[in-house]
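Here's the structure we're looking at; comments come further down.
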Amino acid sequence: MGAQQVWHLSFLWTWIFVCLFLSECTGMGTPELSMDRSVFVGIKGEDLHIICWLTMPANQSRDSFSCSNPLQNKIYDYEILENSLAEKLRLPVELKTLSISGEYSCQYKTAKVNWFLRLRDEGYRQQVFMDNPGIIVVAVFTGVLLVFSVVGSVYVFRGHGKERGDSGRKRKQNREECSRERWRKTTWMQ
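Shown next, in the form of structure tokens:
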């Protein structure tokens, strides 16, 4: 009977140990990091604001959340306190005076998220449209004057060419008349 009680007692203690161990280990999940997007565009020398989401299981100890540039230099560091309940934290990250394009990373314990940053020398420039009505009126007026100038020039040169052709004919007729008259004078004098 003693062996049966020992077996029963050891069986009971085993189940108690297993249940307690499993209940304690359920809160030992791994943290997860995520971002809304993984590609960012910025301007060299300016600040960049991004948001990381940290899903923390219950019973996490205090640790550091950090971000690194492509050269693996730490550019951001934030202390996260211990927690007793599972929660999802919004971590606003402000990165100052960025100068390198490439793959950046943020890490908390074993959780890591990678993202790409493309830096440009200058930002977007909005195109300038000419909405000034005065400029439009002057442009239309100049176009109309140009058309009239071309049409007038063609008219004048064509008209002048006809007059010149007529005067050429008149000269030819005058020469013929002069030569006839001379012939008459010379023949009449004889």
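Residue numbers for the sequence shown, in mature numbering (1 follows the signal peptide of the UniProt record, and there is no 0): -27 to -1, 1 to 163. Note that the Cβ used here is the ideal one computed from N, Cα and C, for glycine as well. Please read all numbers here as calculations on a predicted model, not as lab measurements.
Within the DSSP bridge table, the entry for Asp36 names Ile53 as partners. The Cβ neighbour count for Leu118, taken over all protein chains shown within 10 Å, is under 16; the residue is labelled exposed. The C-alpha of Thr115 is placed about 59 Å away from the C-alpha of Cys25. The C-beta distance from Thr28 to Lys61 rounds to 5 Å, short enough to fall under 8 Å. Excluding residues up to 5 positions away in sequence, Glu52, Ile53, Leu54, Glu55 lie with their Cβ nearer than 8 Å to the Cβ of Arg35 in the same chain. The beta carbons of Ala31 and Leu64 sit no closer together than 8 Å. Of Ser122, Asp20, Glu19, Lys47, the smallest CA-CA separation from Gln80 is found for Lys47.
Separation of Ile73 and Val110 (C-alpha to C-alpha, rounded to the nearest whole angstrom) is 49 Å. For Tyr49 and Gln100, the gap between their C-alpha atoms comes out near 36 Å. Annotated as proximal: Leu6 and Lys85, with beta-carbon spacing under 8 Å.
For the 8 Å CB-CB criterion, Asn42 and Tyr77 form a contact. Nearest to Asp94 by C-alpha distance, out of Glu19, Gly2, Thr(-14), is Glu19.
In the three-state DSSP reduction, Ser7 falls in the strand class (E or B).
By the 16-neighbour rule on beta-carbons within 10 angstroms, Ile23 is buried.
Judged by DSSP secondary structure, Thr28 falls within the beta strand (DSSP E) whose first and last residues are 21 to 29. Closest option to Val66, judged by alpha-carbon separation, among Val113, Asp9, Glu154, Gln45: Asp9.
The C-beta distance from Cys40 to Leu68 rounds to 7 Å, short enough to fall under 8 Å. Per DSSP, the unbroken beta strand (DSSP E) holding Arg93 starts and ends at 84 to 93.
Your pair Gln33 and Pro4 checks out as a contact, with CB atoms roughly 7 Å apart and the cut at 8 Å.
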